[in-house]
Each structure stands twice: as structure tokens, then as C-alpha cells.
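J.: Numbering (the working numbering), first residue to last: 8 to 282.
Backbone N, C-alpha and C fix where the C-beta goes; we use that ideal spot for every residue, glycine too.
Values in this document were obtained by computation on a predicted structure and should not be read as measured data.
Sharing a structure below in C-alpha cells format, with a few things to ask.
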Ligand code: NAP
């Protein structure tokens, strides 16, 4: 049988752990397949999509900055991709149609939202960032019945754009997210601030109460400066590794119809690569 080929497209990609995770599962379940990094420019998206149409590639994950840009090349969006207009998983349907799905919403829910017992009386969340992953996070929060969702982003116009899609959200100016009067049960960092070798937050969060929870979507490093800062204040924090694993698990299922186990060997393998 021919070896199946999968890849992740994005730029930059050197930080991505997806090949390690998918290749681990291919080995474990004895599936003859390989998953590679494909660091590409905008003008190459169509070429990659054509490879899927010609069955030279069996599926792709999509990461920043192409989660929206890929949509123009797809035949249809399904499931959470339809709700968010953010695509991270692509495959060819039996009828030859190119399909875009989204597993980030599931990643956010399965990794954190379904496991944390939020105070339903104060189900308010602040999302920092309005980039490619933000719609998935906002949509996951609405599915988990968060009644008050605020977003704050450096570029204000992008917040307005998100509000058109999710009218219930409240916009907070970037220089005001640390205002003392704000009070959230959950704060999620959906910006790239804190990534290894990248820019850091100039204003670490201070207006968070003792029972609040902080989720950083970043997994490299496992402890961002913000996580360290909040741990010192005894705030419960999570990093982005579990989200990465759960979104990958769902993509793997979509492509291979096998629900791969998240075992300690995989988690240790990924953590080792981050060190
Ligand atoms: P993106 O589309 O490139 O968006 C980047 C976001 O970061 C934007 O909101 C941007 O604000 C903000 N930003 C960048 N530099 C900034 C700076 N110097 N000051 C203030 N804000 C800044 O990326 P994305 O796809 O949404 O990904 C965002 C983060 O989520 C990344 O760290 C990524 O690793 C993480 N992520 C994790 C998972 C997971 O499975 N754990 C999945 C998806 C994404 P502007 O709009 O003002 O540029």
C-alpha cells in the first residue's frame, strides 16, 4: 500500500511539534504514513491545495498565518470551521471536494473548558488577541456557556471584525486590559506574546482575582513569563500543550478514522522537544 502523506503548512514553522505527535501515532497504530513540516509563502498555498486534489498529499494542518487565507481555495467548510471561519484541518472528500474543518475548538474544550469547574455566577472571560485562533477560542467559550466574553487586541480593527462574527463580545482597548476594575474568572492568551525568542507582554496581568484561571495557548516555552508571573500570585495556570495534543488527536481521527490515545510516552516525547 502507498505511504500516505500529511503535512502542516504555516510560517514560521520551526516551533511546530505536530510532526512528532502525528508520526508517533502513525508508528503506534502501524499506519503507513508520514507527516512533515511545509513552511510556505502565501503564493504557495494554491500549490499545496492542488497536491491534495491530485492525491499527492492526503491532508494538511494549517497554522498561522493561513487559517483564514486557505478558505478561498476550499470547496466547503464543515463543523466548527463553518462557525469560526478558521480552518486548521483539510482533506479531500470522497466526492472530490476539498473540505476545511477546525479542531482548535475541540482542542480548547477538551484540554481545559470541559475539565475546569468554573464559577457559573461569574462566567466571564477575557481573550487577549484577535488573530487566527481567536474565533475558535471565542466559539469554544460560547459552547461552554460563558455569558460575558471580552477581547482585547493590539490592532483595534481586528477586534471590530471579530465582533461582527460574535456580536456578544465586548471589546476592551489594548492599553486597558489591565484596568483594575475588570474582573474575570478566566483569561486566555491567544496572542503570540511569550513565545520562545519572541516579544513579551509589556503589561503582565494584575487585575485577576485569586480564584481566576489563566490559560496560555503557547506551549513553547511550557512556562511563559506570564505563567511565571501569575504562578507567583498563586493563580491556577495552564499552558498550550494540552490544546495542541487534543486538536491533533481530532485531526488524526478525521484523516485516519482512528482515535489515537494520548499516552505518557507521547507527552514526554513532546515535553523533551520543548526543553
Ligand atoms: P496570528 O493570527 O498571527 O495572531 C497573532 C496575535 O498576536 C494577534 O492578536 C496579534 O495582534 C498578537 N500580537 C503579535 N505580536 C504582538 C505584539 N508585539 N504586541 C501585541 N500583540 C501582538 O496567530 P494565531 O494563529 O492567532 O496564534 C496566536 C497564538 O496562539 C500563538 O502563540 C500560537 O502558538 C497559539 N496557538 C496555540 C495552539 C495550540 O494548540 N496550543 C493552537 C493555535 C494557536 P495584532 O492583531 O495587533 O497583530
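So, for residue 130: in the same chain, excluding its five sequence neighbours on each side, which residues have a beta-carbon less than 6 Å away from its beta-carbon?
T.: Cβ within range, chain order: 153, 154.
J.: Going by other Cβ atoms of all chains shown within 10 Å of its Cβ, with 16 needed for buried, is residue 163 buried or exposed?
T.: Residue 163 should be labelled exposed.
J.: Can we count residue 251 as close to ligand 1, meaning its CB is less than 8 Å from some heavy atom?
T.: Answer for residue 251: yes, Cβ within range of ligand 1.
J.: Quick check: the Cα distance between residue 41 and residue 214, rounded to an integer number of angstroms?
T.: C-alpha separation (whole angstroms): 46 Å.
J.: Below 8 Å, is the gap between the Cβ of residue 111 and the nearest heavy atom of ligand 1?
T.: Yes, the beta carbon of residue 111 sits closer than 8 Å to at least one heavy atom of ligand 1.
J.: Quick check on the DSSP output: what are the complete alpha helix (DSSP H) runs of length 4 or more inside the region 135 to 217, in order along the chain?
T.: The qualifying runs are 141 to 150, 163 to 172.
J.: Per DSSP, residue 131 is paired with what?
T.: BP columns for residue 131 point to 155.
J.: Whose C-alpha, out of 260, 274, 277, is nearest the C-alpha of residue 36?
T.: Considering only alpha carbons, the answer is 260.
J.: Since residue 46 and residue 18 should fall inside the 8 Å C-beta cutoff, what is the C-beta to C-beta distance between them, to a whole number of angstroms?
T.: With 8 Å as the limit, residue 46 and residue 18 qualify as a contact, their Cβ atoms being about 5 Å apart.
J.: Do the region 205 to 214 and the region 63 to 76 touch if we need at least three Cβ pairs shorter than 8 Å?
T.: The answer is no - the region 63 to 76 does not touch the region 205 to 214, with fewer than three Cβ pairs under 8 Å.
J.: Using only alpha-carbon positions, find the residue among 219, 236, 165 that is nearest to residue 207.
T.: Nearest C-alpha to residue 207: 236.
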